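Okay, structure first, notes after.
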Amino acid sequence: MKMTKIFAVVTAMVLAVSMLAGCNGRTSNGGTVPKPVLPEGTNGKITKDPLELTIFLHMGGLGAFNDDMAYFKEAFDKTNIKLHGTASASNVDRTQEFNVMLTSDPLPDIVHGTNGELNNAGIDGAMFPLDDLIEKYAPNIKKLLADDPTIKASCAAWDGNLYFIPNMFTGLPSEGFYIRQDWLDKLGLEVPKTVQEYHDVLKAFLDRDPNGNGRKDEVPYFCRFTGIDALLQLFDAYYGFQVTPDGKVYHARTQPQYKNGMQNLAQWYKDGLIDKEIFSRGQKAREQLLGDNVGGATHDWFSSCGSFNKLSSQIPGFKWVAIPPPADVNGVVKESATRKRLSGYGWGISRDNKYPVETIKYLDFWMSDAGKRLFSYGVEGVDYTWGADGNPVVADVVKNAPESPTKYLRARGQHEFGTIMQIDAELAIMNNYAREGYKMYLDNGYCEVLPKMPVLSFTEEEGRVLKETASGCETYMNEQHQKWFMGTEPLNDDTWNAYLAQLQTLGIDRYVATYQSAYDRYAAFVKEQGKK
Ligand code: CA
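See below:
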């Protein structure tokens, strides 16, 4: 989520210190591939007799594995392998739960966690390296990794081993531009197609009383996330690390485009086009400003934005729709906010597991078509049925779930473990306004225009350099960012040059070079995997 982006670098540093993709000299499990322990099953089941395995899966405030989850009962029916959870849902501090779990003896058979947690545990000898098991017993996972070498490049630990199977998404869009269509109509304005037109629409919202109450109370652009990166992209400017198509890594907040973007947006802010409280209003910005009929435009998640159209029952004519990203200063139409394909979580097999072969087959079930469908849609006959066109049809019990379809499915087992969320299932549970927006960004490929900075793994030495440089540089950049945007310090050639000089002192060159070397290693690993 965007509000965490500023701190993502620091977090990545802490999580990834001991990860390094692309190291040669792969070793695995003393050179022997484990053999099946139990007789194989029939009718596609993994074992002849039921087998119970323990699992640690904890998602903090989102809940933890419990033995009654419908998804895993269904998987038991299909595989003959039943899971028993070990995590306590009553403690919402999942990191603490994970660390306590690591001291348990024996370890749970299956361990779920973040990339960094699982790789660290693997390096420490707590997890099975999975490559040979996958090669021999997991055709679905094997195919996934062979088809896209970037997956292993992002997930492998510094010893070159893969210790976990990642959770993944299929659709990249996450957030987009939303606007009051009824205000555009009322003022006789078109949907803005360029950054200049977007500016002019916000100005009209400010000056021409689109809510019709005779007061200049409109807040043209607002955002519940701390930051303005959604608007910066209109000036081809960004927040964090970027990579050029030919592989050169740079920090976006040292670039002239950033200086130009900040100068423009500081003016927008001064002119009242951007919420005066954008840095402090917080999560309830949409409820407040749309509910009060004063908010005009934002940039936010499709799924939640679409639901605000229910306000049309209180505000006559209220219509809140996604629009394509306005073309940036170079005429490029693109969206910089995208979801990563890897959610950052996954699961693997602990060293105390006595059935590693049976277990990898079970993990492979979740990467089969049946497993991915179970994860995405739920249980056949309850959560979905088959339509005449051969596609799953989401049942009313999901669509009309009291809180939300997502919460309903999560309670049934849809947590971020090693499988792939199907985009059609996500679209099926969105309301029409959300789905239209999401599909607009998906079908037009807006999120695919900018080169993506992949998830990187750092060596111990690189981790040390990041500890010395990252938080100093990022904290200073954040402070200046806010000063310039709010106008408490002017942004001119002198202050900009002083900023660059101060970043030199704080070690920006070493900071960037570290990302460059990690990226180079990643790119080489992808290239090498692609040759296999
Ligand atoms: Ca007004």
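Position one of the sequence shown corresponds to residue 0 (numbering that gives the first Met the number 0), numbered consecutively onward. From the three backbone atoms N, C-alpha and C, an ideal C-beta is built for every residue, glycine too. None of these values were measured; they are calculated from a predicted model.
What are the boundary residues of the beta strand (DSSP E) that includes residue i?
i: Ile-314; result: Unbroken run through Ile-314: none, as it is neither H nor E.
i: Tyr-383; result: 383–385
i: Val-194; result: Counting along the chain, Val-194 falls outside any beta strand (DSSP E), though it belongs to the alpha helix (DSSP H) covering 194–206.
i: Met-126; result: Looking at the DSSP string, Met-126 is not in any beta strand (DSSP E), and its letter there is neither H nor E.
Alpha carbon to alpha carbon, how far is residue j from residue i? Give it in angstroms, no decimals.
i: Glu-488; j: Gln-503; result: 20 Å
i: Val-381; j: Ala-410; result: 14 Å
i: Trp-157; j: Ile-140; result: 21 Å
i: Phe-163; j: Gly-347; result: 4 Å
i: Lys-482; j: Arg-252; result: 14 Å
i: Gly-112; j: Leu-310; result: 39 Å
i: Glu-189; j: Ala-236; result: 25 Å
i: Gly-239; j: Ile-507; result: 12 Å
i: Thr-26; j: Val-242; result: Legend: pLDDT at Thr-26 = 41, less than 50; position of this residue unreliable, value from coordinates given subsequently. Cα to Cα, Thr-26 sits roughly 31 Å from Val-242.
i: Arg-509; j: Thr-468; result: 7 Å
i: Pro-324; j: Leu-272; result: 18 Å
i: Leu-505; j: Thr-474; result: 10 Å
i: Lys-526; j: Pro-148; result: 8 Å
i: Leu-129; j: Gly-305; result: 41 Å
i: Val-378; j: Gly-370; result: 10 Å
i: Leu-455; j: Asn-114; result: 11 Å
i: Gly-59; j: Asn-90; result: 8 Å
i: Thr-3; j: Pro-315; result: Low confidence applies here, because Thr-3 scores a pLDDT of 35, under 50, leaving its location unreliable and the question unanswered by this model.
i: Asp-388; j: Ala-517; result: 46 Å
i: Met-261; j: Lys-269; result: 12 Å
i: Gln-266; j: Glu-425; result: 39 Å
i: Arg-223; j: Gln-282; result: 5 Å
i: Ser-367; j: Glu-39; result: 18 Å
i: Ala-74; j: Asp-146; result: 25 Å
Look at the Cβ atom of residue i, then the Cβ atom of residue j, and state whether they are nearer than 8 Å.
i: Thr-169; j: Met-452; result: no
i: Val-36; j: Lys-353; result: yes
i: Ala-400; j: Thr-384; result: no
i: Lys-258; j: Trp-495; result: yes
i: Lys-215; j: Asp-208; result: yes
i: Phe-374; j: Thr-405; result: no
i: Gly-62; j: Phe-204; result: no
i: Phe-234; j: Gln-256; result: yes
i: Pro-355; j: Phe-127; result: yes
i: Phe-301; j: Trp-319; result: no
i: Leu-264; j: Leu-230; result: yes
i: Tyr-407; j: Val-397; result: yes
i: Ile-80; j: Ile-133; result: no
i: Ala-155; j: Leu-161; result: yes
i: Val-328; j: Val-448; result: no
i: Val-32; j: Lys-135; result: yes
i: Ile-322; j: Phe-176; result: yes
i: Asp-48; j: Glu-174; result: no
i: His-83; j: Glu-51; result: yes
i: Ala-522; j: Gly-159; result: no
For residue i, count the other beta carbons within 10 Å of its own beta carbon; 16 or more makes it buried, fewer makes it exposed. Which is it?
i: Val-331; result: exposed
i: Leu-19; result: Unreliable placement is indicated for Leu-19, whose pLDDT of 40 sits below 50; the coordinate value is still reported in the next sentence. Leu-19 should be labelled buried.
i: Arg-93; result: buried
i: Leu-499; result: exposed
i: Asn-292; result: buried
i: Pro-219; result: buried
i: Arg-340; result: buried
i: Gln-95; result: exposed
i: Val-464; result: buried
i: Val-110; result: buried
i: Val-248; result: buried
i: Pro-165; result: buried
i: Gly-121; result: buried
i: Ser-103; result: exposed
i: Pro-172; result: buried
i: Thr-41; result: exposed
i: Gly-43; result: exposed
i: Gly-226; result: buried
i: Glu-415; result: buried
Between which two residues does the alpha helix (DSSP H) harbouring residue i extend?
i: Gln-479; result: 459–485
i: Gln-501; result: 492–504
i: Arg-350; result: Unbroken run through Arg-350: none, as it is neither H nor E.
i: Gly-115; result: 114–122
i: Thr-225; result: No alpha helix (DSSP H) contains Thr-225, which DSSP labels as neither H nor E.
i: Thr-405; result: 404–410
i: Gln-241; result: First-last for Gln-241: 240–242, but that is the beta strand (DSSP E), not the alpha helix (DSSP H).
i: Ile-140; result: 138–146
Is residue i close to ligand 2? I mean its beta-carbon at under 7 Å from any heavy atom of the ligand.
i: His-480; result: Annotation note on ligand 2: not contained in the displayed structure, which lists ligand 1 as its ligands.
Within 8 Å of any Cβ in chain D, is that where the Cβ of residue i sits?
i: Asn-263; result: Of the chains in the structure shown, none is chain D; there is only one protein chain.
Open item on the list: Under 5 Å, CB to any heavy atom of ligand 1. Which residues pass, going along the chain?
Closed with: Asp-208, Asn-210, Asn-212, Arg-214 and Asp-216
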